[in-house]
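Written below as structure tokens is the structure these notes are about.
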């Protein structure tokens, strides 16, 4: 039993001595409502991108290399693909290494955002709703992550920013109508200067009532003079080209009640131009401590990106891997799935 106070009689009076820090019980961080950690930051990963390696195997290899199990397992799906898959479910049923799913889903595959919003893909949404209910565990769902890159800003295209917001709202409301209660919604942006400067950018947001977390997919180069060279802070703080708030400050002020997730992040150099990534990795925890709204970070690991010219792996140099392992071991990521 812990002693929370000591009493002593001093010159006829009773004094209460507060417990010392050594006697205080350590705080346990767990996932609470909407999977928001009660303290600390959720640690996540996606590995094997743009390869044929099964993603569960790729993540386990990444976890082994980094020295920490990912609390969040990030996966990608589109259209009528059946998910959560058996492999994904198995990854969340490992009692020794529990994980939470983060599922990206492009609902409008083969259709348009506008048509989804009008109900054209309700059968697709309803089929997913049944699978989500059967899964019966809380998990993150990001609808059409990085929508800025898919916008066609032409009236009637079906892919306008306002169509995205309508698609997002319709999908979430439809899931709720079908009795889904275990989905935690993530609005995942690119946070790129060019897109943030567009007049339509503000029209993407579907509304606080259908968004649980604000997400950001952002990367920085470790090659000086190369595109987006910078540290971890720089990938959070990119500003519109025409001026304005950086992305994190925008989220922290405009959506102060929403937890913030870095849903994809990483340090890159061009393929074959191996450069130490330690400076960026060493900048992560100091920035997290400055930015209390960030409640999760999810690393995206691949030796070649979708363009085939950027290496976002944690072990492209020995020094990089050493620094990443030090980052992964930080107690700020000691969050239990509660």
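Numbering (mature numbering (1 follows the signal peptide of the UniProt record, and there is no 0)), first residue to last: -24 to -1, 1 to 314.
Glycine included, each C-beta is placed from N, C-alpha and C at the ideal position.
Because the structure is a prediction, the values reported are computed rather than measured.
For the 8 Å CB-CB criterion, residue 127 and residue 161 do not form a contact.
Under DSSP, residue 22 takes part in a beta bridge, and its partners are 276. DSSP, reduced to helix, strand and coil, places residue 153 within a helical segment of the structure shown. Distance from the CA atom of residue 264 to the CA atom of residue 270, rounded to whole angstroms, is 7 Å.
In this structure residue 105 is buried. Its beta-carbon is surrounded by 16 or more other beta-carbon atoms within 10 angstroms. The shortest CA-to-CA distance from residue 289 to any of 42, 164, 136, 147 is the one to 42.
If you look at residue 196, you'll find it in the beta strand (DSSP E) that goes 189 to 197. Exclusion of the five residues before and after residue 90 leaves 134, 139 as the residues of its chain whose Cβ lies within less than 6 Å of its Cβ. Counting the other Cβ atoms within 10 Å of the Cβ of residue 203 gives fewer than 16, which makes it exposed. Residue environment for residue 277: buried (at least 16 other C-beta atoms within 10 angstroms of its C-beta).
Counted as a single uninterrupted DSSP element, the alpha helix (DSSP H) harbouring residue 257 occupies residues 254 to 266. A contact between stretches requires three or more CB pairs, one per stretch, nearer than 8 Å, and the region 187 to 202 meets this requirement with the region 109 to 125. With contact defined as three or more Cβ pairs closer than 8 Å, the region 199 to 216 and the region 21 to 29 are not in contact.
Annotation: the region 119 to 164 contains the following complete segments of the alpha helix (DSSP H) (minimum length 4 residues), in chain order: 137 to 153.
By the Cβ rule, the region 80 to 95 counts as touching the region 51 to 58, because three or more pairs are nearer than 8 Å. Residue 166: not part of any alpha helix (DSSP H); DSSP gives it neither H nor E. Taking the CA atoms as reference points, residue 137 sits about 30 Å from residue 61.
Between the C-alpha atoms of residue 77 and residue 274 there is a straight-line separation of about 11 Å. Beta-bridge analysis with DSSP links residue 7 to 13. Scanning 266, 175, 244 for the CA closest to the CA of residue 228 turns up 266. Note on the region 50 to 102: whole beta strand (DSSP E) runs with a minimum of 3 residues are 76 to 82, in chain order. Within the same chain, 98, 101 come within 7 Å of residue 150 by CB-CB distance, once the 5 residues on both sides are set aside. Across the structure, residue 70 and residue 47 are spaced so that their CA atoms are roughly 12 Å apart. Judged by DSSP in its simplified three-state form, residue 44 adopts coil rather than helix or strand.
DSSP lists 286 as the bridge partner or partners of residue 246. When the beta-carbon positions are compared, residue 177 and residue 96 stay at least 8 Å from each other. Fewer than three Cβ pairs drawn from the region 251 to 262 and the region 26 to 37 lie within less than 8 Å of each other, which leaves the two stretches out of contact.
In the three-state DSSP reduction, residue 241 falls in the strand class (E or B). The three-state reading of DSSP puts residue 178 in helix, counting H, G and I together.
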